[in-house]
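Following this note's numbering, the numbering of the sequence shown begins with 2 at its first residue and continues without gaps. Working notes, structure below.
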Amino acid sequence: MKQAFLRIERITTHASMLFACAMLAVAAGLGVFQILTRFVLERPAEWTEVMIRFTLIWMVFLGIPMAFRRGAMVSVDVLYRWAKPRMQRVLDVVVMVASLALIAIIIVVGWDYAQRGRVQTIIGLEEYSMFWAYISMPVGGLFAVMGIIGNFFDPKRLELDTAQ
2 MKQAFLRIER ITTHASMLFA CAMLAVAAGL GVFQILTRFV LERPAEWTEV MIRFTLIWMV
62 FLGIPMAFRR GAMVSVDVLY RWAKPRMQRV LDVVVMVASL ALIAIIIVVG WDYAQRGRVQ
122 TIIGLEEYSM FWAYISMPVG GLFAVMGIIG NFFDPKRLEL DTAQ
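Next comes the structure, spelled out in structure tokens:
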């Protein structure tokens, strides 16, 4: 059961990271396009600034699962180094519960924002709803839940391993 979950988690976390990387590439491409249209063609494309902002928001919320999976989000390194193995597992549980509580709030509030944002339009892209910006919170949160639980079952502490 644990191995099956970890296999699914690995796939979902990898997919969210690929999408986050794609969003960074899109944001960078739009930034270059915005510079060209504004300073070379002298006809700025107003919608690019808004799209860059939204792609960066999506990038952050879809990159969070990998950070949780690698154990890089909630840092209790000093306590973890000082603790005995049994206490380390207690710290793992506390960090997991606190992280899941935070992500649950992000999912609930994000879904509420997305529902309310259906009637708002995006400035510069009036034909699109703000729903598409706000939905990044619950989508990223659901992926993050997988990463948090995956890190609990199979801890990765890369920053602890490389610390001096």
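Glycine included, every Cβ here is placed at the ideal spot set by N, Cα and C.
Contact check, residue i vs residue j, beta carbons under 8 Å
{"i": "MET24", "j": "THR56", "result": "yes"}
{"i": "PHE154", "j": "PHE6", "result": "yes"}
{"i": "ARG70", "j": "LYS3", "result": "no"}
{"i": "GLU10", "j": "GLY151", "result": "yes"}
7 Å Cβ shell around residue i - same chain, five flanking residues per side excluded
{"i": "TYR135", "result": "GLY111, TYR114, ALA115, GLY118"}
{"i": "VAL94", "result": "none"}
{"i": "VAL132", "result": "Note on residue identity: the sequence assigns Phe, not Val, to residue 132. For PHE132, where only same-chain residues beyond five positions count, the Cβ hits under 7 Å are ALA115, GLY118, ARG119."}
{"i": "THR13", "result": "PHE144, MET147"}
{"i": "LEU92", "result": "VAL77, LEU80, TYR81, ALA84"}
Nonlocal neighbours in the same chain, by C-beta distance under 8 Å from residue i, ignoring five residues either side
{"i": "GLY32", "result": "THR49, ILE53"}
{"i": "HIS15", "result": "none"}
{"i": "ILE104", "result": "GLY142, ALA145, VAL146, ILE149"}
{"i": "MET97", "result": "ILE149, ILE150, ASN152, PHE153"}
Closest by C-alpha distance to residue i, when choosing among the options
{"i": "LEU126", "options": "GLU47, CYS22, VAL41", "result": "GLU47"}
{"i": "PHE20", "options": "GLY64, LEU101, ARG87, LEU92", "result": "GLY64"}
{"i": "MET138", "options": "ALA26, MET97, ILE106, ILE124", "result": "ILE106"}
{"i": "SER100", "options": "ILE36, PRO66, ALA28", "result": "PRO66"}
{"i": "TYR129", "options": "VAL109, VAL27, VAL51, ARG39", "result": "VAL51"}
{"i": "VAL140", "options": "LEU37, PHE62, ARG90", "result": "PHE62"}
Check: residue i C-beta below 7 Å from any heavy atom of the ligand FAD
{"i": "ARG119", "result": "For the structure depicted, the ligand FAD is absent and the ligand set is empty, with no information on it obtainable."}
Spatial neighbours of residue i in its chain, beta-carbon cut-off 6 Å, leaving aside the 5 residues before and after
{"i": "ARG8", "result": "none"}
{"i": "THR163", "result": "Here THR163 scores only 49 on pLDDT, less than 50, and its place in the model should not be relied on; the value that follows carries that caveat. Cβ neighbours of THR163 beyond the five flanking positions: none."}
Q.
Tell me whether the region 58 to 65 and the region 76 to 86 touch, counting them as touching only if at least three CB pairs, one residue from each stretch, are closer than 8 Å.
A. no
(Q) Does the structure place the region 119 to 127 close enough to the region 81 to 90 that three or more beta carbon pairs sit under 8 Å? (A) no
Q. What are the complete alpha helix (DSSP H) segments, minimum 4 residues, inside the region 36 to 105?
A. 48 to 70, 78 to 83
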